Amino acid sequence: MSKYLASSILVKIRPIISVCFLFLWLFTTKVYSKLKDTDITNIHDTLLISKHLGRKITIDFILPPNYEKHPDRAYPVLFMNDGQDVERLQMQAVLRQLYQQNHIRHFILVAVHCGDRMQEYGTASQLDYKQRGKKATAYTQFVLEELMPYVQTKYQVLSGPKHNFWCGFSLGALSAFDMVWHHAAVFGKVGAFSGSFWWRQKAYDQQYKDERDRIAHRLVRESNQFASSNSPQFWFQTGTDDEKDDRNQNGIIDSIEDTLDLIAELEKKGYRWGHDIKYVEVKNGHHNPDTWAQIMPDFLTWALGND
């Protein structure tokens, strides 16, 4: 064999040799063990049929590392609206990294795909001015009477507000907030990403007033629910580029102003920044899954961080 031919063969097989050595190194070092220990499982479930919503429910269950190896262990649960966006939110990559870094507790993510989101999401007690949110009450009943029992029969989960949380995006964030606010005995934390807290009972051209017509704000203001040791906790996020609308021309976009005003209503009920409330404003953040994926680690470490 000529030296030229031998050299040519070596050039061709060198990448293969390198890959083989890489795999050998992974299998014989703690690196492989670490990767293996952060494997997570996504189970796409379409078996649940809701009588309250009159439709088949699609759910992505994302299980923590080594779930099958610990049959006696029970886990906290994070319920997520708009679960159809788990891929766009890069949830598996986000979770894998946080688990590898030991930044969060092991938990089960229950990502519920939406149906008619303009009707199923909203505030259960009141429609908006366009009569949207007609199925929000049914959605709440579905969660409490169908979804939670279904999850409890299929997976090893912990119960109670210290272990059950919600999150959502845009209109799904409003729904998640409404769910936790009215069912604090069941859910203990909520994450609202770019929440649709503009949800209102009057159109802007119908003598609309901020202090009277924003529904979520009024629900908090008129509630007898004050902060206590058993009260829920709130994580809010906005992006400086969530939108361009500024209805009162004060230089603050509506998304940010509506969120800060809702926080102000919570403060009047005794909730405190840094204790019961966290607010994150993403510079150049947009109203989309890319921004929400970017800030997701902040929410997860807030809600489920290792103390």
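Following the working numbering, the numbering of the sequence shown begins with 63 at its first residue and continues without gaps. Positions of the beta carbon are idealized from the N, C-alpha and C atoms, including for glycine. In this text, all values refer to a predicted model and were calculated from it rather than measured experimentally.
Other residues of its chain near residue i: CB distance less than 8 Å, five sequence neighbours each side excluded
i: L206; result: H245 and V248
i: T363; result: L160, H165 and I166
i: D190; result: G184, W261, R262, Q263 and I277
i: F169; result: P126, Y137, P138, V139, L140 and L366
i: C176; result: N143, D144, G145, Q146, E182, Y183 and G234
i: Q356; result: V344 and G347
i: N368; result: N164, H165, I166 and R167
i: R117; result: I111 and G177
Cβ-based neighbour list, residue i, same chain, cut-off 6 Å, excluding 5 preceding and 5 following
i: V148; result: D122 and A173
i: F288; result: K331 and G332
i: F141; result: V172 and W228
i: R283; result: E327
i: Y270; result: K264
Distance between beta carbons of residue j and residue i, contact taken as under 8 Å
i: L110; j: Y212; result: 5 Å
i: Q263; j: D272; result: Wrong, their Cβ atoms sit about 12 Å apart, outside the cutoff.
i: G230; j: N143; result: 4 Å
i: E56; j: I315; result: Given a span of 63 to 369 for the chain in the structure shown, any question on residue 56 remains unanswerable.
i: W370; j: L281; result: Residue 370 is absent from the structure shown; the chain starts at 63 and stops at 369.
i: F204; j: L115; result: 5 Å
i: T202; j: M241; result: 6 Å
Cβ neighbour criterion (16 or more within 10 Å) applied to residue i
i: G145; result: buried
i: D320; result: buried
i: W354; result: buried
i: Y119; result: Note on identity: in this sequence residue 119 is Ile, with Tyr being the wrong assignment. Burial call: buried.
i: D304; result: buried
i: R150; result: exposed
i: D352; result: exposed
i: S232; result: buried
i: K113; result: exposed
i: N312; result: exposed
i: H225; result: buried
i: K197; result: buried
i: R179; result: buried
i: S237; result: buried
i: G222; result: exposed
CB contact check: residue i to chain B, cutoff 8 Å
i: N346; result: Protein chains in the displayed structure number just one, and chain B is not present.
Same chain, Cβ closer than 7 Å to residue i, five either side skipped, listed in chain order
i: D338; result: A289, S293, Q295 and F296
i: Y129; result: T103
i: F89; result: Unreliable positioning characterises F89 in this predicted model, as indicated by a pLDDT of 39, which lies under 50. The coordinate reading is nonetheless provided below. Answer for F89: no residue qualifies.
i: D308; result: I314, I315 and D316
i: T199; result: A186
i: M358; result: L151 and V156
i: F239; result: V252, A254, G257 and A278
i: V219; result: A136, Y137, V139, I170 and V213
i: I325; result: F298, I339 and Y341
i: H106; result: D122
i: R194; result: M180, Q181 and G184
i: Y266; result: R309
Any non-hydrogen atom of the ligand ADP within 7 Å of residue i CB
i: I314; result: No copy of the ligand ADP appears in this structure; indeed no ligand is present at all.
Task: Every unbroken beta strand (DSSP E) within the stretch 155–186, with a cutoff of 3 residues, ordered by chain - done: Those beta strand (DSSP E) runs which fall completely within the stretch 155–186 and span 3+ residues are 170–174.
- [ ] Decide yes or no for the touch test of the stretch 100–107 against the stretch 179–187: beta carbon pairs closer than 8 Å, at least 3 of them.
- [x] no
- [ ] Starting from the N-terminal side, write out each stretch of the beta strand (DSSP E) that is 3 residues or longer and does not extend beyond the stretch 94–151.
- [x] Counting only runs of 3 or more, we get 103–112, 117–125 and 139–142.
TODO: Jot down the residue ranges of each uninterrupted alpha helix (DSSP H) in the stretch 183–254, minimum 4 residues, whole runs only, in chain order.
DONE: Whole alpha helix (DSSP H) segments, 4+ residues: 198–204, 210–216 and 233–244.
Task: Every unbroken alpha helix (DSSP H) inside the stretch 311–350 [4 residues or more] - done: Runs of the alpha helix (DSSP H) lying entirely within the stretch 311–350 and spanning at least 4 residues, in chain order: 316–330.
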